[in-house]
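This report concerns only the one structure given below.
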Amino acid sequence: MWGLVRLLLAWLGGWGCMGRLAAPARAWTGSRGSPGPVLLRNRRSWVWNQFFVIEEYAGPEPVLIGKLHSDVDRGEGRTKYLLTGEGAGTVFVIDEATGNIHVTKSLDREEKAQYVLLAQAVDRASNRPLEPPSEFIIKVQDINDNPPIFPLGPYHATVPEMSNVGTSVIQVTAHDADDPSYGNSAKLVYTVLDGLPFFSVDPQTGVVRTAIPNMDRETQEEFLVVIQAKDMGGHMGGLSGSTTVTVTLSDVNDNPPKFPQSLYQFSVVETAGPGTLVGRLRAQDPDLGDNALMAYSILDGEGAEAFSISTDSQGRDGLLTVRKPLDFETRRSYSFRVEATNTLIDPAYLRRGPFKDVASVRVAVQDAPEPPAFTQAAYHLAVPENKAPGTLVGQVSAADLDSPASPIRYSILPHSDPERCFSIEPEDGTIRTVVPLDREARVWHNLTVLATELDSSAQASRVQVDIQILDENDNAPQLAEPYDTFVCDSAAPGQLIEVIRALDRDEVGNSSRVSLQGPLGPDANFTVRDNRDGSASLLLPSRPAPPRQAPYLVPIALWDWGQPALSSTATVTVSVCRCRPDGSVASCRPEAQLSPAGLSTGALLAIITCVGTLLALVVLFAALRRQKQEALMVLEEEDVQERKRGFRLGKNVAGGQERGQASPPGPEVPGGRGWAGVRWCSHIDSGPSASTFNSSQSWSYSPCNTKEEGEGPVRRAIEGPRGRIKVNWGVS
């Protein structure tokens, strides 16, 4: 029945809308084929319009959808209708005689909504066009044959837990392939099939929203919502499609941490060092990720100083560790409270707080065998230097805390005292010196003393003993370096020649304060001025004489201010040199002096040769005379010894030995005796030509006439820089 109705509608649609279209006239040859007169007339149109065919119709035979008819068709059977274009001959066929158009198969509007065809009327006999070809359209009429579909489904969405009612979750969209301009075939309405009462959907837009408040992720984390889209405006008979939306509740920090128990008990051995793990505490928080991160802290109690707590790398567990050394004998248990707090708190959920919890902790300290403990962490002792071996330095003491009555043995580790300078009493820890100690050699001795339990040698402990060597005034001051300087013969009086520095190896203080003093008296060739800072200035008091072969030796006295004071002497060597105008040294050796007459060098050599010859003759004559004499002049032994004792004037410049240990030089004779009948007298160079640079007087010896000098020993007092010095020489 429905098929007949649709056929009738198609027929009415094709014929009920026919119109007339103008077409140009063509020449017509007549029915017999003989040429006839060409008739010029306006083009007639043939009756046609667009046709409609209902999609999805499948009848038992081709369905008539319309008819073409031209005005030139007189019904004589001479007109033939032709159909070309989309689907001509396959989908659509035309009856050549009547112009009826039939569809041969079921059409789908969603595949092709219309077909464009070309119709033409021709002469059946000659195939000559009777009308120009005309275009017409066959439209496929839509029916509601496509249900809505969700091209992007299934959907996944996330919404924070505890969201308010009406919070948007996601928007779903369905599509209907039917013609939206024809009826309600494509008008969709959305409804929730599954997911109530938690979620709702907007019927027109497809926006999914929360339908109840305070959905808790910890109660249900995931929801499966089924959304339906129905066409025909949701009315009965409409087609529908559905999709699923998986809604996941994301976590927020809406749960505070909570300890599963109120008391935690741990134990730790007393020998556990700082950083040793005692135990783990975990407060439970059902939140996820950063919302469950916690920080732990010790609130109060005696455990705050002995223990510390930190959070592990995951931010969940509290790690309780030893903070400082424990002692079972001092304290056997600790009790304190630990707090766990969320590190990230959302202000929007403060009403669900407080976001922290507290638990009690008790830690028991277990006893363990311990080595002896010294009364001090380190010992600092002192002993003066130069003390005799066996001098008491100090004492160390240790005790066994587990058994105070247990005996302890003490020893010094050999590597800490390689020179064996100290010893220790094994029973009482008394430390004494073994050898005299020198502070200038070593100020500190760092010993390591070992204390061992007599009953258990494995239980031992060590302590550092630092021994300081105290200073005593046992070092005389010295010059900082040997001083060998010079002064120009043109130097002005008062000129600074050298700054002499002294040092004292003793410790800084009165013992290291050094004073210096040089030659005294108006005849002194040099002046030494104490600068009172451990140095002295060597000055020139008068104009120097011309250079000479031997340098001057300036005696220096040094002494410190210790108790008792120590002193020493030293010598500064000063050469008088000829200098250039720029102050540089030209020569420090004596040069030949021209006589007032201006003798030449050749004349001087001749004079020296003559004098030498005469001296040789005199020596030869004296030797012959001595052989003739019967008695030899003998030098008394006592006078010789007295002469040696009295000759104390510093160093012999030529020989480098102390003058107090040298005898005045005299002519050597066979047998070691002096010339017979000759006396040696000392001559002090004190005339106007005497050098003023002599820091100690010089003496020369020559034969004297006994009649002028008298018989017996010669005694003479010499005025030196240190006062009058008596020198006795005895000759016979």
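In mature numbering (1 follows the signal peptide of the UniProt record, and there is no 0), the protein residues as written are -27 to -1, 1 to 705.
The beta carbon of each residue, even a glycine, is placed where N, CA and C say it ideally should be.
None of the values given here were measured: they were computed from a predicted structure.
Using the three-state DSSP reduction, which class does residue i fall into: helix, strand or coil?
i	result
residue 589	helix
residue 256	coil
residue 64	coil
residue 561	coil
residue 325	helix
residue 429	coil
residue 528	strand
residue 199	strand
residue 214	strand
residue 261	coil
residue 318	coil
residue 580	helix
residue 551	strand
residue 410	coil
residue 342	coil
residue 190	coil
residue 240	strand
residue 389	helix
residue 357	strand
residue 544	strand
residue 245	coil
Short of 8 Å in beta carbon distance, which residues of its chain neighbour residue i, apart from the five on each side in sequence? Order them along the chain.
i	result
residue 77	35, 63, 64, 65 and 66
residue 177	162 and 163
residue 234	332
According to DSSP, what are the bridge partners of residue i?
i	result
residue 349	Looking at the DSSP assignment, residue 349 forms no beta bridge with any residue, so it has no partner.
residue 205	Answer is none; residue 205 lacks a bridge partner.
residue 394	According to DSSP, residue 394 bridges with nothing at all.
residue 312	270 and 331
residue 73	40
residue 232	Bridge partners of residue 232: none, in fact.
residue 222	132
residue 367	404
residue 27	114
residue 183	172
residue 597	Answer is none; residue 597 lacks a bridge partner.
residue 522	BP columns for residue 522 are empty, so no partner.
residue 533	487
residue 95	53 and 102
residue 87	112
residue 250	294
residue 538	Answer is none; residue 538 lacks a bridge partner.
Could you pull out every residue in the same chain whose Cβ sits closer than 6 Å to the Cβ of residue i, ignoring the five residues on either side in sequence?
i	result
residue 174	163, 165, 181 and 200
residue 413	478
residue 190	134, 222 and 224
residue 347	371 and 436
residue 313	230, 256, 267, 269 and 330
residue 151	115, 117, 119, 158 and 159
residue 334	237, 309 and 311
Would you give the residue range spanned by the beta strand (DSSP E) that residue i belongs to?
i	result
residue 130	128 to 133
residue 53	52 to 58
residue 426	417 to 426
residue 442	433 to 443
residue 376	Here residue 376 belongs to no beta strand (DSSP E), and DSSP marks it neither H nor E.
residue 382	381 to 385
residue 47	It is not in any beta strand (DSSP E) - residue 47 carries neither H nor E in the DSSP assignment.
For residue i, which residues in the same chain have their Cβ closer than 7 Å to its Cβ, ignoring the five residues on either side in sequence?
i	result
residue 61	90
residue 338	241, 243, 299, 301, 304, 305 and 306
residue 407	362, 393, 394, 395 and 396
List the endpoints of the continuous alpha helix (DSSP H) containing residue i.
i	result
residue 278	276 to 279
Exercise. In chain order, which continuous runs of the beta strand (DSSP E) of length 3 or greater are located wholly inside the stretch 445 to 520?
Worked result: 457 to 461, 469 to 476, 487 to 490, 500 to 503 and 508 to 512
Problem set entry | Those runs of the beta strand (DSSP E) which lie wholly inside the stretch 97 to 172 and span at least 3 residues | 107 to 114, 128 to 133, 141 to 144 and 162 to 167
Problem set entry | Entirely enclosed beta strand (DSSP E) segments - the stretch 282 to 313, minimum 3 residues | 290 to 295
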